[in-house]
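Take 1 as the starting number for the sequence shown in full-length UniProt numbering and just add one per residue.
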Amino acid sequence: MESNCLYSKKILQSGLLLVWICGVLLIGAALYCTQMLPTFLKEQTNIKKSDIFSVGLDDVSFPKTTLFTAPRPFIGSAGERQALAVKSWLGLSKNINVVLFSQDPSVFSFAASFGPRVSVETNIDFTFLGTPFFHSMVARLLTSSSSDVSVLIDPDTILLSNFLSTLKYAHKLDEDWLLVASSRNVCNFPFRLGSDDKSWLADDGNPVGLQKLQDFLDQNSRLDPCGDRMLVAWNNGNVPLHKGVLPPFLYGKGLHNRWIVTEALISNYRLVIDTSLTISSFYLSDLDLMNYTKNSWEQIGNSLLGRLYGSFSFRRANFSNMFRSFQCAKNYLFVNTHQNIAYPLNEGILSLPFRKKEILNCIDSINLLEGIEGCFLKEPLKVPIAISLPFSLESMLLLCADRDKSIVLGVAGYSYKDMLMSWICRLRRLKVLNFLVCALDDEIYDFSVLQGLPVIKCSYPTTNISFDDCHFGTKCFQKVTKVKSRTVLQILKLGYNVLLSDVDVYWFKNPLTYLSSFGPAVLGAQSDEYNLTGPINLPRRLNSGFYYAHSDNITIAALEKVVMHAANSNLSEQPSFYDTLCGEGGSHRLGDYQCLEPETNLLVHFLHRDLFPNGAYRGLWEEKDTRKACMKMGCLVIHNNWISGRKKKLERQVLSGLWDYDINDRMCLQPWHNKKVMSYF
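Pasting the structure below:
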């Protein structure tokens, strides 16, 4: 028994010795294999490490951010200042991209030099002078879900590297937030951006650190918390920025940023933080860059907007959720001065009396009550109207006509404002920009100015235009149509060709090239005939809601006869067109498609209905897919007529999908829209 135990003990010791020997051998083998790693693997490992350090800590930890702005053309000193600002943004981190809202060719050329990091966005609403609408910009960037953070910034604003650190700390917060930072005004900035677009250099070429730059700004700049150039940033979280719908502000007019912040505070969806103390943003003064000759028109637009929204008075905001960000030593704190609480990262919200003494000293050293809060408690801002309205027809034609001196004329009253906007949006989608709106009443005139449309008041304006009773056959309709021909005649006499298009005409393609090919002394007009066979120039089948008139003596003389005939008629102008140009009963008809007015020799050409169908032709509006049916037939346009009543007309067009206006957000529908048009009914 004892010998068996001794034998077992020896076996156990031998086993343990074997395990130890095997362990030593394995460790040795591992060390040997490590030393014998292939050279290319070592090189790959080194490359990965160097890549990380070349990107830098900021690029590894900095959230993916997109800066949005609407620059002026990149020409002259304005272009140089904007170029410097954009380079200062891109040099901060490789995780920063820039989107420029513009239609100007110089902006496209500038963006192309930076590759994919800078892009140009044109699919938003602009005024006819090229100024973007702020509410359309915001709607567009809210659909940009690829970034962690979105930033709205003035194109002249230069950023320093503490922009990175502030956003990094904010990005760590567990709730959705909105940051705002006021920019400083600098008269002379004696530093230049290095060739790498990352470092700032002194005159002697030596690099300048952030602290020195900050000290210079503190001593030589003025922080205006109520200034126009305000940076606004937010994380792309799950909650909206605010309740309600943004007014149609013009970008760069100094009020839209404060409106956003006020509404964010009132809605209380997000933590609103004033980061003016931790983000060094500044712009060079002597910027007389917004004062174009066209600026006066947009001043008027802002004045009308002020009238509409109570002279830009803001709703009184609750500042209990307004925080201010500041740096204490190397720590960032978010402090609510109204509730006397601090929000240090990773520690939760603590009452100020329980914070460390040094942090309390930092807070006491800053006058925390001097922030953007005061900007929202001021008296309502009054914006005077610098230039009287309306603008002249001559001045608008000079701005809007194309190189061939052709103009597309739309006529509308306030009851058709939504249909007018859908018509305008469609023209813009087709890149037809040589249009002009003729306003039948003061309400549609003011509305058109607010929407940035080129608009005139129609000659001999009518009054008492009914909202729901101004359709075909009514006395209101008779008055309105006679205004159209008078306005067309005015424009023709000024030397411009006119395509008159009712706003219920939907355009599939631009028909101007086709219509202008008929040449002088030919009036191309839509036919109202609905029978599929037979003549299309039968009596009273000329539609005066869509025709092209060339500016020549023959056409002008013939239109003068039409206007005179209509003035003495108790009917609308449409019968006057036919009876004057084609003769009563069609006595001046030529074949099945034309008429010849004998006194002036004006030829009237009735347009092919497959290309220009009326509302009763082939039952196109009753098709399951009107667009598909029309495109298959080769339509250039389709008229939404042969239906009685504004509501029925509106319903037919909206439900058919031939509608290009978002009535919820008051902007043109764009390819990036993910909303459905709100029903009217």
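Ideal Cβ placement from N, Cα and C applies to all residues, glycine included.
Measuring only the C-alpha atoms, how far is residue i from residue j?
i	j	result
residue 252	residue 228	8 Å
residue 84	residue 78	10 Å
residue 562	residue 484	11 Å
residue 515	residue 590	19 Å
residue 660	residue 539	35 Å
residue 551	residue 157	49 Å
residue 668	residue 656	17 Å
residue 492	residue 91	55 Å
residue 75	residue 547	41 Å
residue 433	residue 569	35 Å
residue 404	residue 393	18 Å
residue 695	residue 615	Nothing about residue 695 can be read from this structure; the chain reaches only from 1 to 681.
residue 175	residue 279	20 Å
residue 269	residue 224	27 Å
residue 575	residue 541	9 Å
residue 707	residue 119	With the chain running from 1 to 681 in the structure shown, residue 707 is simply not present.
residue 107	residue 196	22 Å
residue 665	residue 249	12 Å
residue 455	residue 529	32 Å
residue 518	residue 596	14 Å
residue 587	residue 143	60 Å
residue 67	residue 443	37 Å
residue 571	residue 420	25 Å
residue 95	residue 62	7 Å
residue 160	residue 265	27 Å
residue 239	residue 390	42 Å
residue 573	residue 427	26 Å
residue 217	residue 226	18 Å
residue 173	residue 199	29 Å
Assuming residue i contacts residue j (C-beta within less than 8 Å), just tell me the rounded distance between them.
i	j	result
residue 545	residue 502	4 Å
residue 436	residue 458	With a Cβ gap of about 11 Å, residue 436 and residue 458 do not count as contacting.
residue 526	residue 612	5 Å
residue 210	residue 93	Contact flag wrong, Cβ pair sits at about 14 Å.
residue 186	residue 284	6 Å
residue 127	residue 452	3 Å
residue 184	residue 326	About 16 Å; that fails the 8 Å criterion.
residue 599	residue 489	That pair is no contact at about 16 Å.
residue 411	residue 440	7 Å
residue 558	residue 602	4 Å
residue 267	residue 243	5 Å
Does residue i come out as helix, strand or coil in the three-state DSSP assignment?
i	result
residue 668	strand
residue 707	Examination of residue 707 is not possible in this model, given that the chain is present from 1 through 681 alone.
residue 401	coil
residue 75	coil
residue 200	strand
residue 662	strand
residue 325	strand
residue 749	The requested residue 749 is not part of the displayed model; the chain covers only 1 to 681.
residue 545	strand
residue 93	coil
residue 642	coil
residue 616	coil
residue 260	helix
residue 270	coil
residue 609	coil
residue 630	helix
residue 354	Here residue 354 scores only 42 on pLDDT, less than 50, and its place in the model should not be relied on; the value that follows carries that caveat. Three-state DSSP puts residue 354 in a helix.
residue 454	coil
residue 65	strand
residue 208	strand
residue 192	strand
residue 103	coil
residue 229	coil
residue 179	strand
residue 83	helix
Is residue i close to chain C, meaning its C-beta is less than 8 Å from at least one C-beta of that chain?
i	result
residue 419	Reference to chain C is not applicable here, since this structure consists of a single protein chain.
At a cut of 8 Å, does the stretch 98-109 reach the stretch 129-146 through at least three beta carbon pairs?
yes
Unbroken alpha helix (DSSP H) runs of length 4 or more, entirely within the stretch 111-163: which are they?
134-142
For the pair the stretch 575-589 and the stretch 613-631, tell me if three or more CB-CB distances fall below 8 Å.
no
Should the stretch 203-214 be regarded as contacting the stretch 230-243, the criterion being three or more beta carbon pairs within less than 8 Å?
no
Do the stretch 175-187 and the stretch 263-283 meet, that is, are 3 or more Cβ pairs less than 8 Å apart?
yes
Every unbroken alpha helix (DSSP H) inside the stretch 488-540 [4 residues or more]
512-516
Using 8 Å as the threshold, is the stretch 636-651 in touch with the stretch 502-511, meaning 3 or more CB pairs across them?
yes
Continuous beta strand (DSSP E) assignments of at least 3 residues falling wholly in the stretch 400-433:
406-412
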